[in-house]
Structure formats: C-alpha cells, structure tokens
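Just so you know, the protein sequences line up as chains A and B, in that order.
Going by this note's numbering, the first residue of the first sequence is number 1, and it counts up by one from there.
Going by this note's numbering, the first residue of the second sequence is number 484, and it counts up by one from there.
Glycine included, C-beta positions come from ideal geometry on N, C-alpha and C.
Since we're looking at a predicted model, the values are computed, not measured.
Worksheet for the structure shown next.
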Amino acid sequence: MSTALATDTTFLAQREFHPFEAGGETFLYLVPSAAVFHLDEASLAVLRTLEAGAASENDIVAALAPRFGEDTVRRSLAELMRVQAIGLTTAPKETFPRVLPQADFPLTTMVLNVTNKCNLACTYCYEYGEDKIVDTTCDPAPNYMSEETARKSVDFMFEQSGDLPVAHLTFFGGETLLNFKVLRKTAAYARERAKELGKDVDFSLTTNGTLLRDEVIDWLADNRIGVTVSIDGPKEMQNRFRVFKNGMGSYDYAMPKIKRLLERHRTRPIGARVTLTRQTLDVSRIFHHLRNEIGFWEVGFAPVTTADGRGYAIEDTGFDRMLGQFQELAREFLDFAVEDKHHGFSNVKDTIEEIHKGVSKAFPCGAGLGLMGVATDGEVALCHRFAGSDDHSIGSVDTGLDRKRQFEFLGHHHVANKTDCSTCWARPLCAGGCYHEAHVRYGDTGVANLHYCDWIRSWTNTCLEVYGEIAVRNPGYLEQFES
Amino acid sequence: MDHLKAINQKARRIQEHVAPGVPGEVAASPVAANGDADLDVVALESSPDRSGPHIPLGCSLVFAPGWEVDSTGGTAGLCQPVERDLFDCHLACFWPAHVPDQLNHAPDWTGKCAAAQKDWRKIDLIFP
Numbered sequence: 001m002s003t004a005l006a007t008d009t010t011f012l013a014q015r016e017f018h019p020f021e022a023g024g025e026t027f028l029y030l031v032p033s034a035a036v037f038h039l040d041e042a043s044l045a046v047l048r049t050l051e052a053g054a055a056s057e058n059d060i061v062a063a064l065a066p067r068f069g070e071d072t073v074r075r076s077l078a079e080l081m082r083v084q085a086i087g088l089t090t091a092p093k094e095t096f097p098r099v100l101p102q103a104d105f106p107l108t109t110m111v112l113n114v115t116n117k118c119n120l121a122c123t124y125c126y127e128y129g130e131d132k133i134v135d136t137t138c139d140p141a142p143n144y145m146s147e148e149t150a151r152k153s154v155d156f157m158f159e160q161s162g163d164l165p166v167a168h169l170t171f172f173g174g175e176t177l178l179n180f181k182v183l184r185k186t187a188a189y190a191r192e193r194a195k196e197l198g199k200d201v202d203f204s205l206t207t208n209g210t211l212l213r214d215e216v217i218d219w220l221a222d223n224r225i226g227v228t229v230s231i232d233g234p235k236e237m238q239n240r241f242r243v244f245k246n247g248m249g250s251y252d253y254a255m256p257k258i259k260r261l262l263e264r265h266r267t268r269p270i271g272a273r274v275t276l277t278r279q280t281l282d283v284s285r286i287f288h289h290l291r292n293e294i295g296f297w298e299v300g301f302a303p304v305t306t307a308d309g310r311g312y313a314i315e316d317t318g319f320d321r322m323l324g325q326f327q328e329l330a331r332e333f334l335d336f337a338v339e340d341k342h343h344g345f346s347n348v349k350d351t352i353e354e355i356h357k358g359v360s361k362a363f364p365c366g367a368g369l370g371l372m373g374v375a376t377d378g379e380v381a382l383c384h385r386f387a388g389s390d391d392h393s394i395g396s397v398d399t400g401l402d403r404k405r406q407f408e409f410l411g412h413h414h415v416a417n418k419t420d421c422s423t424c425w426a427r428p429l430c431a432g433g434c435y436h437e438a439h440v441r442y443g444d445t446g447v448a449n450l451h452y453c454d455w456i457r458s459w460t461n462t463c464l465e466v467y468g469e470i471a472v473r474n475p476g477y478l479e480q481f482e483s
Numbered sequence: 484m485d486h487l488k489a490i491n492q493k494a495r496r497i498q499e500h501v502a503p504g505v506p507g508e509v510a511a512s513p514v515a516a517n518g519d520a521d522l523d524v525v526a527l528e529s530s531p532d533r534s535g536p537h538i539p540l541g542c543s544l545v546f547a548p549g550w551e552v553d554s555t556g557g558t559a560g561l562c563q564p565v566e567r568d569l570f571d572c573h574l575a576c577f578w579p580a581h582v583p584d585q586l587n588h589a590p591d592w593t594g595k596c597a598a599a600q601k602d603w604r605k606i607d608l609i610f611p
C-alpha cells in the first residue's frame, strides 16, 4: 500500500473507550487496554466529529481545519489512531484475546481456613447462613485444621510460589482466632521454612474481634501480622446482624478488645471490613465511626453476598443510595489526596491504584490463579469462600494441584467467555465480578454479576473522575502506586 | 505525542510502544502512519506484526474456498460454529446462506435466538 490510496474511501470510526471529565479537563479510558490519556481540544473535537458515525479522514480534516489547521487535525487523528481510540472501519473488530496464564503461574497468596467454626452467628454469613455452599455440620472435614495439615499447607504454598521472593499467608475462618494454637505454630513454621528457602513470608488474618485477648494482641503486634476486623459500624448496625448464637449483639463485647488492638498493635496498619445490608446502609456514618472515632487505618465496604430476595439483600434503590454515599466519601478522599493526606476509604484507593497501573483483567480476581484457599482438611479451593466445596476443589495439599481442573476452571471463566461483558467499558476492572457472588446469585461461577453492572459502571466512573482530578491537581500523589 | 498526554502507567507504556520518537514525528496522514497492515486485505490473514494466539477473522470476502478451511488449511481456526455466522451469511454475504422461509413456513424459526453469538444452539431445525 502507499499513501497514494485515496483516503476518501477509507473511513475512520470510534473504537472502544469511555470518556470522562475531571478537574475541567477531558480524559479517555481506553478499552480493553485500560490506558488513560488526556485529550487536548483538537483530539476532543476529532472524537466528537466521529460521534455521529464513521467519516473519511478528509471529511474530518475539512470539518475541523478552519478551527485547528489541517496539520494539527491530521496529527491528532494519527495519534488517536495509534492508541486505538479510533480505527479504520475496514479493520477487524479487536477480540479480547483468550490467553490463559502459564501452567506454573506462581501462587502469591494462600488463605488458610484454620477453622470453619465461629463463635458468632451473623445472620447473613455466607458460610453458615441461608446461602452456604458447604454444610459444615454434616461435612466429614474437621472443624479445626490440624497442625500437620497447616504445615503441609505451608510447604504447598512455598512450592507453588515459584521464584517469587515473598509468600503471603492469610489466616481465615470461621473465626480465625478459635484456632489460635495452630495459627501461632503455623506462623513460626512458615518463618522457619522461609528462612531455609531464602524467602520472605508475610502474614495477615481476618477476625471478628471477639477473641482478641491481650496475649493474642501481643503476639499479633510482635509478629507484624496484618489484621482486618470484620465489623459493621456503630453499635446498632453491628448488633443488627453480627450477633452471638443467643442473639446478643457483639458490639459491646468486641469493641473494647478492638480498641486495645488498635492501641497496642502499631507494626501494621489495621483495617475494618464492613458488610453492607439493606438495614445498615449508612456508609458515611459507618466510615466516620470506624475511621475517626475508633481509629482504624482503613475502612473497606462490600455489599452482602446473597441470593435475590433475602431480607438483608440490598434492593435496587439501595444500590443507588449506596452509590451516592460512596461518591460522597470519594469526594472526601479526593480532598485529602490533593493535600497528600491519608483518608482511609479503601474501596476508592484500591480502584485508583488499579486505574493508575492500567490493570486490564482477564479474570475478575486471582482466585484459582495467584490466590487459593485451603480448607480445614487440606483441600485446595479457588479461594477461601469456596473452601470445603468439592465442586470447587482444585487439588489438595497432600496430592498437589490438579492442573487439569485448575485450567478447566480458568478456561471457562475468562472474561472473553462472558458475552454480556463484551460491550461493557468497565470490563478491564470488573471482568464480571466475584465468582462466589455469581455462584450464590445465579448458581454458576461463570456468569457475570449482571445485578450490579450499573452500579459498577457508575462507581468506576466516579473513581476515574477522582483519579483524573488527582492527576490534574496533585499528580505526585499517584507515584505511591508505581512499583 | 502532542495531542494526547499519557496519564497512567499503561498509557505511558503504549506511548513508548507506538511513538518512541520525539514529539511531532508523526506522519502527515494517519492512514499512512499506520502502515501496510491496516489497509491490507482482511480475511483469513493475520497481520504480520501481530503476535499472540490465532484469532479467527470470519468469512473470506474474495477467496475460494471461503470458510471451509482456515488460514492453515485446517478447520480449527474457523469463525466458530457456522450457526453463529448464519445471520450475517443469509443477510449480507455474497454467497447467502440458505435459510428457512421466515415469511410463510417457519416464522418463529429464530424465536428463541435473541443473540446469535450466545444463543445459536437454540435455533430450531426445520423440516419441510
């Protein structure tokens, strides 16, 4: 080909992107590359010209040359084409390549379910509540992980971590601290093994806070264990669902212990993880209580995982309300970020980090790939939420990973298989959403979580706006996300 | 690049990849700037500079045989089950697919097939 080919017969059209405005400027979020570009006036005008449909290069130039000059318009067209914001109509539509990771993809994080028992009886619990996957009371698997299984799990983790210099081990439950004895020994064993292997190991755990005795707190602090506390907010919200088996709320029991933890454990930032329900949907009040009054370093929110129609499920109007409150907190986050201050709303910070890196996901999360969960009997599951489920097992710490099952799962769950996601601009970040949520909602881990698509798109747009405004007003803030 | 400014890390990587030179070095015509590959005949060919997995590109426009074989002479890289392409083929193809008479004999032939890409398995078999 040569430039002699008549460009009047060559039509250009918009490709896939999501434009957004922030700080008085216009940006493009390109799909599926997840690149963010700032547009100048000429390139914005070019894109607007193509809003009505495809046009030839010469038509675009003719329309815009009086405003910007021919040379500027052609250069702008060329740049937009190079980043694939626009393209030739004759070019094939880019399909999302269904590339599977290599077979020896290293394990980054292993979640060890040291027990499936809990001393609380939270109504909405995905492990014990109406939507449970595994019937732990009838299951032959032990309620508490043995020391031996835990050691084997640690060996499995290091073996699967390949050449990575650091392995992350997360203790989970049930209520994790019910098996404190094994937990403590396992951490010591993992340290020992890491030393032998010349690696580092990093620990974290999730707890409901009710069993934080002084001895436990000291151990957590001395061993630099990252702690996340599951807590739903001020007293009346915490006590609404997070109750003991006799129905008594857990706030008064857990809070003094949590305060002692925050006071004593200064070696790692401590986060709160809030489950939002229809009845406890006051994001801003929960955030300020946990962050400012109690003193958590970070607070993250997740809507309750539930089948449709449960009493605590967030209904459609609730999602709108939740979005409004998230947006309010996101604006607060922005004000802090502009002044280089820490805010603590982890949902927005995590998303901004992904936006800055330009993450474009083939899978919604690392489950079954860089992250795996181990059940009390040593069965390896996709993640901690599927621990103990035979249908979602991908091996065992005794016999190793079942690579065939793992790759069947990955092949089946690639975002390229999710037809519903193929036209959504938010798919580089969402990729269809949580497998467990999809399983509970639709009975199929491979289905995109269609019930919250609008919410995800609106929230992603908000995060893009916050990101863009930080990029305009305090770009230095974003350097912390560059590794 | 003068008109687009890379903001995030991915954008910077793309910029380095597509425009490694100094700003302003972009060719005068965007079509020319994108080289041979973009104006080449798009059929069962892959662009020479495109690495990665083989991606089927659909029917051949000018070559015979058309979709009977893929670019390697086999059938593995065809544009997926032919049923998926049925709508394109019977509406717009230069060699239209033969489909049931939807006006008289089988009006609901595709009734259960809302989106061919997903639901092609639901297209009914029709017997005269």
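What does residue i pair with, by DSSP beta-bridge criteria?
i	result
Arg-273 of chain A	A:Ser-230, A:Gly-300
Val-36 of chain A	A:Tyr-29
Ser-535 of chain A	Given a span of 1 to 483 for chain A in the structure shown, any question on residue 535 of chain A remains unanswerable.
Thr-207 of chain A	A:Val-229
Gln-14 of chain A	A:Ile-86
Leu-369 of chain A	In the DSSP output, where bridge partners are listed per residue, Leu-369 of chain A has none listed.
Gly-249 of chain A	A:Val-243
Leu-487 of chain B	A:Leu-39
Ser-56 of chain A	A:Phe-11
Glu-22 of chain A	Reading off the sequence shown, one finds Ala at residue 22 of chain A, where the question assumed Glu. Paired residue(s): A:Glu-25.
Tyr-435 of chain A	Beta-bridge pairing links Tyr-435 of chain A to no other residue.
How would you list, in chain order, the residues of chain B whose beta-carbon sits under 8 Å from the beta-carbon of residue i?
i	result
Ser-204 of chain A	Within 8 Å Cβ-Cβ: nothing; Ser-204 of chain A doesn't reach chain B, min ~26 Å.
Ile-355 of chain A	Asn-491
Gly-370 of chain A	None at all; the shortest Cβ gap to chain B is about 19 Å.
Leu-411 of chain A	It is worth fixing the name first, because residue 411 of chain A is Gly in this sequence and not Leu. By Cβ distance, chain B contributes nothing, its closest Cβ being about 13 Å from Gly-411 of chain A, past 8 Å.
Residues of chain A with a CB under 7 Å from the CB of residue i: which are they?
i	result
Ile-606 of chain B	None at all; the shortest Cβ gap to chain A is about 16 Å.
Ala-597 of chain B	Those do not exist, as Ala-597 of chain B stays about 11 Å from chain A at its closest Cβ, beyond 7 Å.
List, in chain order, every chain A residue whose beta-carbon is nearer than 9 Å to that of residue i.
i	result
Leu-487 of chain B	Leu-28, Phe-37, His-38, Leu-39, Asp-40, Ser-43, Ser-76, Glu-79, Leu-80, Arg-82, Val-83, Ala-85
For residue i, collect the residues of the same chain with a Cβ closer than 8 Å to its Cβ; drop the 5 residues on either side in sequence, then sort them by chain order.
i	result
Leu-262 of chain A	Ile-270, Ile-294, Gly-295, Phe-296
Asn-113 of chain A	Met-145, Phe-172, Gly-173, Gly-174, Gly-373, Val-374, Ala-375, Thr-376, His-384, Ala-387, Gly-388
Ile-497 of chain B	Ala-489
Ala-589 of chain B	Pro-583, Asp-607, Ile-609
Lys-199 of chain A	Phe-158, Ser-161, Leu-164, Pro-165, Val-166, Ala-167
Near residue i, which residues of its chain fall below 6 Å by C-beta distance, leaving aside the five closest residues on each side in sequence?
i	result
Glu-16 of chain A	Val-31
Glu-215 of chain A	none
Leu-410 of chain A	Leu-100
Asn-208 of chain A	Leu-120, Glu-175, Ser-230
Thr-89 of chain A	Phe-11, Ala-13, Ala-54
Thr-280 of chain A	Asp-232, Met-237, Arg-240
Tyr-467 of chain A	Ile-352, Ile-355
Val-440 of chain A	Asp-131, Thr-305, Ala-307
Ser-534 of chain B	Caution is warranted here: a pLDDT of 44 is assigned to Ser-534 of chain B, below 50, making its placement in the model unreliable, and the coordinate value is therefore given only provisionally. Nothing listed; no residue qualifies.
Name the chain B residues that come within less than 7 Å of residue i, Cβ to Cβ?
i	result
Ser-33 of chain A	Lys-493, Ile-497
Glu-482 of chain A	Gln-492
Gly-358 of chain A	Asn-491, Gln-492, Lys-493, Ala-494
Evaluate residue i with the Cβ neighbour count: other Cβ atoms within 10 Å of its Cβ, from every protein chain shown; 16 or more gives buried, anything less gives exposed.
i	result
Pro-303 of chain A	buried
Ser-43 of chain A	buried
Gly-358 of chain A	buried
Pro-234 of chain A	buried
Phe-610 of chain B	exposed
Leu-608 of chain B	exposed
Glu-482 of chain A	exposed
Ala-272 of chain A	buried
Gly-309 of chain A	exposed
Glu-127 of chain A	buried
Since residue i meets chain D, which of its residues come closer than 8 Å, beta carbon to beta carbon?
i	result
Ala-502 of chain B	Of the chains in the structure shown, none is chain D; the protein chains are A and B.
Confirm the yes/no value for this check: CB of residue i, any heavy atom of the ligand FAD, distance under 7 Å.
i	result
Pro-428 of chain A	In the structure on display, the ligand FAD does not appear, and there are no ligands present to speak of.
Given residue i, which residues of its chain have a CB within under 7 Å of its CB, disregarding the five upstream and five downstream residues?
i	result
Phe-301 of chain A	Val-274, Leu-276, Val-283, Asn-347
Pro-548 of chain B	With a pLDDT of 41 at Pro-548 of chain B, under the threshold of 50, the modelled position of this residue cannot be trusted; read the value that follows with caution. Result list for Pro-548 of chain B: empty, nothing under 7 Å.
Ser-458 of chain A	Leu-323
Thr-267 of chain A	Ala-221, Arg-224
Using a cut-off of 9 Å between C-beta atoms, extract the partners of residue i located in chain B.
i	result
Ala-471 of chain A	Ile-490, Asn-491
Gly-560 of chain A	Since the first residue shown for chain A is 1 and the last is 483, residue 560 of chain A is missing from the structure and cannot be characterised.
Thr-210 of chain A	Near Thr-210 of chain A there are no residues of chain B at all, since even the closest Cβ is about 42 Å away, more than 9 Å.
Thr-351 of chain A	Those within 9 Å of Thr-351 of chain A in chain B number zero; the least Cβ separation is about 12 Å.
- Within the region 82 to 140 of chain A, ranges of the beta strand (DSSP E) (whole runs, at least 3 residues): 86 to 88, 109 to 113
- Give, in chain order, every unbroken run of the beta strand (DSSP E) that is at least 3 residues long and sits entirely within the region 166 to 217 of chain A. 166 to 172, 200 to 207
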